[in-house]
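Residue numbers (the numbering used here): -1 to 226. Using N, Cα and C, we set each Cβ at its ideal position, and we do this for glycine too. Everything on this sheet refers to the single structure shown next.
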C-alpha cells in the first residue's frame, strides 16, 4: 500500500510508529482517503510532509481511527495538536524482528546496524521498492539514534546516488522529510542537487512543496540546494 511504499514521518513521532502505519494502511480502500493514498503513491516524501501539517486531514484521520484516545493508545503519548502532557503508560508492543539492515534502520536499532555492517551485510541492499537502508535511515530516523545510524551507513560506503523506484535519491528523501542533519551531510558529500525524481522534481522542489518543511528555515541549505 502507499504508506508501506514510502516510509513516512507523518508527524514523525506518530506515523513512524509501526502500529499506526498498519492502521493507516488499512484505510487504503476507504474513498475518504483515496486522494491521500494517490498523492503519497505519486509524490512520496513530499506528500507525507504536506499531510503531516494538514490539521483538517489529521482530524479526519483521528476520527477515522477511533478518536484521540485510540490514537494516544496506539502511539503511547500525545496526539498531533494536543498540549504536551505526561504520556500514559502504553501497553507493551511486540518487539519488532530485526533481520536485515533495512529493519535495523527502520526501528532505530544502532547495535544491529553495527553488527550487520561488521559481518559484511550489503549496505546497498534493496527492498521491493528499490530503497536502500540509507533511504530507511533518513525516513525513519529520530533524534540522536537516527543520526547515528545515518552516519554509520555513510561511513560504510552507502551509495549516495541510489534511487528508489520513484527515482528519489537519499537527498530527495532528506529534503522531502525535512531532515536537516541529513541534508547538510549529503551536501557536504557532494550529492547532486540537480537530480530529478520520477516526477521531474529536484530535492529543493520537495522542500518548497511544503511551507512548514524545517529546511525552509535554513537559509544556507536553501542556497546550496538551489541549482546555479
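{"Asked": "Do you know how far the Cα of residue 142 is from the Cα of residue 159?", "Found": "24 Å"}
{"Asked": "Report all residues from its chain with a CB closer than 7 Å to the CB of residue 124; omit the five preceding and five following residues, and keep chain order.", "Found": "130"}
{"Asked": "Over the uninterrupted alpha helix (DSSP H) stretch that includes residue 32, give me the two end residues.", "Found": "32 to 41"}
{"Asked": "Out of curiosity, what's the CA-to-CA distance linking residue 211 and residue 139?", "Found": "16 Å"}
{"Asked": "Return the CA-CA distance between residue 59 and residue 39, expressed in angstroms with no decimal places.", "Found": "18 Å"}
{"Asked": "Need the endpoints of the alpha helix (DSSP H) that residue 172 sits in, please.", "Found": "168 to 174"}
{"Asked": "Rounded to whole angstroms, what's the CA-CA distance from residue 207 to residue 48? Just pull it up for me.", "Found": "8 Å"}
{"Asked": "Can you tell me whether residue 58 is helix, strand or coil according to DSSP?", "Found": "helix"}
{"Asked": "Taking the continuous alpha helix (DSSP H) assigned at residue 144, which residues delimit it?", "Found": "141 to 153"}
{"Asked": "For the region 177 to 187 and the region 20 to 33, state whether three or more C-beta atom pairs, one from each stretch, are separated by less than 8 Å.", "Found": "no"}
{"Asked": "Buried or exposed for residue 168, please, with buried defined as at least 16 other CB atoms from any protein chain shown within 10 angstroms of its CB.", "Found": "buried"}
{"Asked": "Taking C-alpha atoms, which residue in 204, 149, 190 lies nearest to residue 180?", "Found": "149"}
{"Asked": "Hey, would you say residue 176 sits closer than 8 Å to residue 144, going by beta carbons?", "Found": "no"}
{"Asked": "Locate the alpha helix (DSSP H) running through residue 123, then write down its first and last residues.", "Found": "Counting along the chain, residue 123 falls outside any alpha helix (DSSP H), and DSSP gives it neither H nor E."}
{"Asked": "Does DSSP put residue 98 in a helix, a strand or coil?", "Found": "coil"}
{"Asked": "In whole angstroms, give me the CA-to-CA distance for residue 196 and residue 226.", "Found": "22 Å"}
{"Asked": "Mapping DSSP to helix, strand and coil, what is residue 118?", "Found": "coil"}
{"Asked": "Mind checking whether residue 121 and residue 110 have CB atoms under 8 Å apart?", "Found": "no"}
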